[in-house]
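Chemist: Per this note's numbering, residue 3 is the first one in the sequence shown, and the count goes up by one each step.
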Amino acid sequence: MQRFFSHILTQSILACLTYYGLAQLAISTTIMPEGIAIFWPPNAVIVAALILSRPRHWIWFVGAGIIGEFLADFGHFPIWQIAGFALVNALEATLTAFFIRFVLLRGKSYKDISIDLSLGMVGVFLFVSPPIAALCGAAIYELGDESISYWAFWRVWWFGDAIGLLLITPFLLAWLTRDERALIHWRTQFFEIVASAAATLLLSAVVFLSPASWPYWTGMPSLLLPLIAYLAIRFGQRGATAALVVIAFTAAFGATNELGAFTHIGTQAETVVAMQEFLLTAAILAFFLSTSFRQLSIAIFDLKRERALLEERVRERTQSLSDAKVRAEILAHTDVLTDINNRRSFIEKGEYINKQAKRFGQSYSIIMLDVDRFKDVNDTYGHEMGDAALTLIGNIIKDTIRTVDIAGRIGGEEFAICLPDTKSEFAVVLAERLRTIISETPVIAHGQTVFLTISLGVSTYRVRPEQCLSH
3 MQRFFSHILT QSILACLTYY GLAQLAISTT IMPEGIAIFW PPNAVIVAAL ILSRPRHWIW
63 FVGAGIIGEF LADFGHFPIW QIAGFALVNA LEATLTAFFI RFVLLRGKSY KDISIDLSLG
123 MVGVFLFVSP PIAALCGAAI YELGDESISY WAFWRVWWFG DAIGLLLITP FLLAWLTRDE
183 RALIHWRTQF FEIVASAAAT LLLSAVVFLS PASWPYWTGM PSLLLPLIAY LAIRFGQRGA
243 TAALVVIAFT AAFGATNELG AFTHIGTQAE TVVAMQEFLL TAAILAFFLS TSFRQLSIAI
303 FDLKRERALL EERVRERTQS LSDAKVRAEI LAHTDVLTDI NNRRSFIEKG EYINKQAKRF
363 GQSYSIIMLD VDRFKDVNDT YGHEMGDAAL TLIGNIIKDT IRTVDIAGRI GGEEFAICLP
423 DTKSEFAVVL AERLRTIISE TPVIAHGQTV FLTISLGVST YRVRPEQCLS H
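1) Return helix, strand or coil for Pro172, following the three-state DSSP convention.
2) Within the continuous alpha helix (DSSP H) that includes Thr427, where are the two ends?
3) Which runs of the beta strand (DSSP E) spanning at least 3 residues fall entirely within the stretch 339 to 380, listed in chain order?
4) Quick check: the stretch 247 to 255 against the stretch 308 to 318, are at least 3 beta-carbon pairs closer than 8 Å?
5) Is Pro43 helix, strand or coil when you go by DSSP?
6) Name the DSSP beta bridge partners of Glu272, please?
7) In the structure shown, what three-state DSSP assignment does Gln83 receive?
8) Is Pro80 buried or exposed, if buried means 16 or more other CB atoms sit within 10 Å of its CB?
9) Under 8 Å, do Ile230 and Ala284 count as touching if we go by C-beta distance?
10) Applying the 10 Å Cβ sphere with the 16-neighbour rule, what's the burial state of Leu436?
11) On a CA-only basis, which of Gly67, Phe100, Arg329 and Leu128 is nearest Gly86? Give me that one, please.
12) Are the CB atoms of Arg1 and Ile419 nearer to each other than 8 Å?
13) Roughly how many whole angstroms lie between the Cα atoms of Cys470 and Asp337?
14) Nearest by alpha-carbon distance to Leu246: which of Thr171, Ala390 and Val196 is it?
15) Rounding to the nearest angstrom, what Cα-Cα distance links Pro133 and Tyr21 in this structure?
16) Flag this pair as touching only if the stretch 139 to 159 and the stretch 101 to 111 have three or more C-beta atom pairs under 8 Å; answer yes or no.
17) How far does the alpha helix (DSSP H) with Ser198 in it reach, from first residue to last?
18) Alpha carbons only, please: which of Phe210, Gly384, Ile395 and Gly363 is nearest the one belonging to Thr340?
19) Pick helix, strand or coil for Ile267, following the three-state DSSP scheme.
20) Closer than 7 Å by C-beta to Leu24: which residues in its own chain qualify, once you throw out the five before and the five after it? Chain order, please.
21) Any idea what DSSP makes of Arg411, helix, strand or coil?
22) Is DSSP giving Pro217 helix, strand or coil here?
23) Measure the beta-carbon distance from Ser131 to Glu94 and round it to whole angstroms, keeping in mind my assumption that it falls under 8 Å.
24) For Gly70, is the classification buried or exposed, using 16 other Cβ atoms within 10 angstroms of its Cβ as the cut-off for buried?
25) Could you pull the start and end residues of the beta strand (DSSP E) that Glu416 belongs to?
26) Look at the alpha carbon of Phe417 and the alpha carbon of Arg329, and state the distance between them as a whole number of angstroms.
27) By Cβ distance, which residues of its chain are closer than 6 Å to Asp114, with the 5 residues on each side in sequence left out?
28) Taking contact to mean 3 or more Cβ pairs, one atom from each stretch, closer than 8 Å, check whether the stretch 315 to 324 and the stretch 293 to 306 are in contact.
29) Grab me the residues of Val430's own chain with a C-beta within less than 8 Å of its C-beta, minus the 5 sequence neighbours each way, in chain order.
30) Could you name the residues of the same chain whose beta carbon sits closer than 7 Å to that of Leu227, not counting the 5 residues immediately before and after it, in chain order?
31) State the Cα-Cα distance for the pair Leu371 and Asp381, rounded to the nearest angstrom.
32) What residues in its chain sit with their C-beta under 7 Å from that of Glu434, if we drop five residues either side in the sequence?
33) Please go through the same chain and pick out, in chain order, the residues whose beta-carbon is closer than 7 Å to the beta-carbon of His448, but skip the five residues on each side of it.
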């Protein structure tokens with residue numbers, strides 16, 4: 003509980019400080035001398051925090067926004083007005099987060115945003131919460147200054163907050179949401195990222211901070227739209243929204259200091275309208291383009307992942323079939339009970355040894371082995387004892403012969419061993435060794451013990467020189 007309280011308190015303090023910092027930045031860069039706000043970004047901090055947090059934590063972030071509003075407005079407005087502004091902004095942030103979280107996303111993560119969801123978010127930012135909040139905010143303004151009409155205050159509040167939400171909220175959500183499918187890859191795109199950031203800063207400065215003496219084309223805001231489109235395509239929402247924030251604050255700073263593209267339009271009110279129209283166009287372009295290519299990149303990412311999974315399954319299936327083929331080949335040439343060659347395999351390998359012997363003039367020997375009174379073992383002790391006896395003999399043969407020798411089960415209790423390049427005297431020694439080992443090794447099955455004896459015969463094939471095949 004203490005850890006949770008510390009965590010949510012830290013996040014709330016961070017949200018409050020961010021709100022206050024953005025408010026101070028907005029006051030110094032986005033408020034025209036007549037007091038008209040080009041856009042108001044602090045509310046987006048609370049909106050992003052509410053969208054990304056659980057509803058039971060909302061009270062913490064709403065409270066952080068109220069405190070941040072008091073800190074930012076203190077000394078500029080009476081306390082009653084500050085309290086009114088804080089409550090209206092809290093209402094706007096809560097209403098915006100509610101519509102996005104529970105009407106649009108409905109339990110989905112922001113990283114799953116699609117074209118239709120982005121269209122809904124733009125609708126909420128422009129036509130739902132800001133105009134509703136502006137109805138209350140304009141009334142508070144008018145109570146403090148009756149020289150400006152209620153509807154003029156309403157419009158300033160509406161468009162200032164709407165553009166602030168549209169500029170800053172997607173930026174915060176994109177950068178605060180963990181997404182392995184994000185289009186920015188710092189290692190592989192490092193130089194492109196640096197070049198894009200430099201181009202954004204340079205072009206923004208040229209367009210919005212150039213003096214009136216510069217050529218006319220330097221003050222054309224439309225020059226930035228291709229750059230925004232490029233960043234949205236290459237780097238998704240993170241790249242596009244980051245560039246848009248830089249462009250927006252640069253444009254606002256230039257307008258408040260009578261520099262750049264919007265300084266020759268007319269009155270300050272007309273300048274603000276033109277600036278808002280441009281920022282609105284750029285924000286919607288960046289939002290929709292980045293969302294479109296994000297959705298495309300997610301589809302490509304999922305397709306590549308499915309392809310990788312399919313290839314892995316194909317490899318596993320191929321390996322399984324290969325293993326099954328190997329097992330089938332082994333079973334086709336191996337006696338299941340004794341794990342040595344079956345009759346067919348022994349004959350095939352024996353024929354090969356015979357051909358090799360004829361070709362190179364070598365001798366080879368064959369040992370035939372038969373278990374004595376094997377039928378009596380089955381009849382007296384059961385077939386389990388007989389199977390155990392055959393298995394034991396097969397194991398002894400495998401452990402005794404060389405790796406080049408071929409052993410096989412020819413019949414029920416009959417075995418054969420082919421010894422390449424082996425003379426008769428050595429074959430006899432091996433046969434005697436087998437007889438001794440088998441007779442001294444007990445066969446144990448179901449608590450019963452039996453000793454076996456075997457009969458062996460040795461035959462050696464000697465190749466005469468005239469029988470050798472030519473090379």
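Every residue, glycine too, gets a C-beta built ideally from N, C-alpha and C.
Modeler: Walking through what the data contain:
1) helix
2) The amino acid occupying residue 427 in the given sequence is Glu; Thr does not appear at that position. Ser426 to Glu442 is the extent of the alpha helix (DSSP H) around Glu427.
3) 366 to 373
4) no
5) coil
6) Per DSSP, none; premise fails for Glu272.
7) helix
8) exposed
9) yes
10) buried
11) Gly67
12) Residue 1 is absent from the model: the chain starts at 3 and stops at 473.
13) Bear in mind that a pLDDT of 48 at Cys470, under 50, signals an unreliable position, so the number given afterwards is only what the model happens to contain. Straight-line Cα distance between these residues: approximately 33 Å.
14) Thr171
15) 21 Å
16) no
17) Phe192 to Leu211
18) Ile395
19) coil
20) Pro43, Pro44 and Val47
21) strand
22) coil
23) 5 Å
24) buried
25) Glu416 to Pro422
26) 23 Å
27) none
28) no
29) Val460
30) Ala284 and Leu287
31) 21 Å
32) none
33) Glu386
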